[in-house]
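So the sequence shown is numbered by this note's numbering: it starts at 319 and just counts up by one.
No residue lacks a Cβ here, since even glycine has one placed at the ideal position from N, Cα and C.
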Amino acid sequence: MSHRPAANGAGGRVTSAKIVIAGGFGVGKTTLVGSVSEITPLTTEAIMTSAGVGVDDTRQIPNKTTTTVAMDFGRISIDRDLILYLFGTPGQTRFWFMWDELVRGAIGAVVMVDTRRLADCFAAIDFFEHRKLPYLIAINCFDGQQYHQAQDVRDALAIQSDVPVVSCDARNRESTKQVLISLVEYVLSMRRTRTGAPA
Ligand SMILES: Nc1nc2c(ncn2[C@@H]2O[C@H](COP(=O)(O)OP(=O)(O)OP(=O)(O)O)[C@@H](O)[C@H]2O)c(=O)[nH]1
Ligand SMILES: [Mg+2]
Numbered sequence: 319m320s321h322r323p324a325a326n327g328a329g330g331r332v333t334s335a336k337i338v339i340a341g342g343f344g345v346g347k348t349t350l351v352g353s354v355s356e357i358t359p360l361t362t363e364a365i366m367t368s369a370g371v372g373v374d375d376t377r378q379i380p381n382k383t384t385t386t387v388a389m390d391f392g393r394i395s396i397d398r399d400l401i402l403y404l405f406g407t408p409g410q411t412r413f414w415f416m417w418d419e420l421v422r423g424a425i426g427a428v429v430m431v432d433t434r435r436l437a438d439c440f441a442a443i444d445f446f447e448h449r450k451l452p453y454l455i456a457i458n459c460f461d462g463q464q465y466h467q468a469q470d471v472r473d474a475l476a477i478q479s480d481v482p483v484v485s486c487d488a489r490n491r492e493s494t495k496q497v498l499i500s501l502v503e504y505v506l507s508m509r510r511t512r513t514g515a516p517a
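#1: Assuming Val505 is part of the alpha helix (DSSP H), what are its boundary residues?
#2: Please determine, among Lys336, Gly342 and Val332, the residue with the shortest C-alpha to C-alpha distance to Ile443.
#3: According to DSSP, is Ile337 helix, strand or coil?
#4: Please classify Ile394 as buried or exposed, where buried requires at least 16 neighbouring CB atoms within 10 angstroms.
#5: Across which residues does DSSP place Phe391 in a beta bridge pair?
#6: Per DSSP, which residues does Ala369 bridge with? Please list them.
#7: Which of helix, strand or coil does DSSP assign to Gly426?
#8: Is Thr411 close to ligand 2? I mean its beta-carbon at under 7 angstroms from any heavy atom of the ligand.
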């Protein structure tokens, strides 16, 4: 997190923080960054090639023709004094070497999950647990359907009981904004617990 004086001269401070949007292939990371960003998002989409055949499961997303090859970038002001910078990861495993760079300096991560392909998010969860970076699980409700309850997803992923599990529609700005707010609240609560500071 970094702080600077508010531009309105009111004496308050503007805090900015970096958040990573991660998850398996085609789970909706680029869609989320695009729907919530207040600036035109930076994307690095490339036409999918034969390199993904037999590796990436496209059965549930037959219309997907491109994939992120480096990162997505967007920005959202949560309120007057908190700005989040969003960094979306590539989903194809052959681009995962990018992840180490993308998470540097981040306060937390959103791990997006498509419950029809639950196992695709295991690697992302391992990655953040290994680096002790706070994360939450965001179930992307494709077709507007939540096929499994949050508790069932939590059990299936075998994650700690304090890790938030929320659901969203990655295409909907208000829905994805709520996911980001949940993550910030979770990160702050963890920091308070660690330092013993009052709420
Ligand atoms: N129905 C529905 N389709 C979605 C939703 N989110 C994403 N999609 C579609 O699912 C496909 C994958 O979305 P992307 O946002 O490119 O996924 P990604 O996780 O960035 O993909 P990679 O970068 O290739 O890993 C696209 O065709 C989207 O239009 C959703 O909430 N509902
Ligand atoms: Mg993408």
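Concretely, from the data shown:
#1: Translated into positions along the sequence shown, residue 505 becomes position 187. Where Val505 is concerned, the enclosing alpha helix (DSSP H) stretches over Arg491 to Thr513.
#2: For the purposes of this step, residue 443 is identified with residue 125 of the sequence shown, where counting begins at 1. Ranking the options by Cα distance to Ile443, first place goes to Gly342.
#3: Position 19 of the sequence shown, counting from 1, holds the residue named residue 337. Three-state result, Ile337: strand.
#4: For the purposes of this step, residue 394 is taken as the residue at position 76 of the sequence shown. Under this definition Ile394 is a buried residue.
#5: What you label residue 391 is simply residue 73 of the sequence shown in a count that begins at 1. Paired residue(s): Leu360 and Phe405.
#6: Counting from 1 along the sequence shown, the entry for residue 369 is found at position 51. Bridge partners of Ala369: none, in fact.
#7: Stepping through the sequence shown from its first residue, residue 426 is reached at position 108. In the structure shown, Gly426 sits in a strand (DSSP, three-state: E or B).
#8: On the sequence shown, position 93 is the one that residue 411 refers to. Result no, Cβ not under 7 angstroms from ligand 2.
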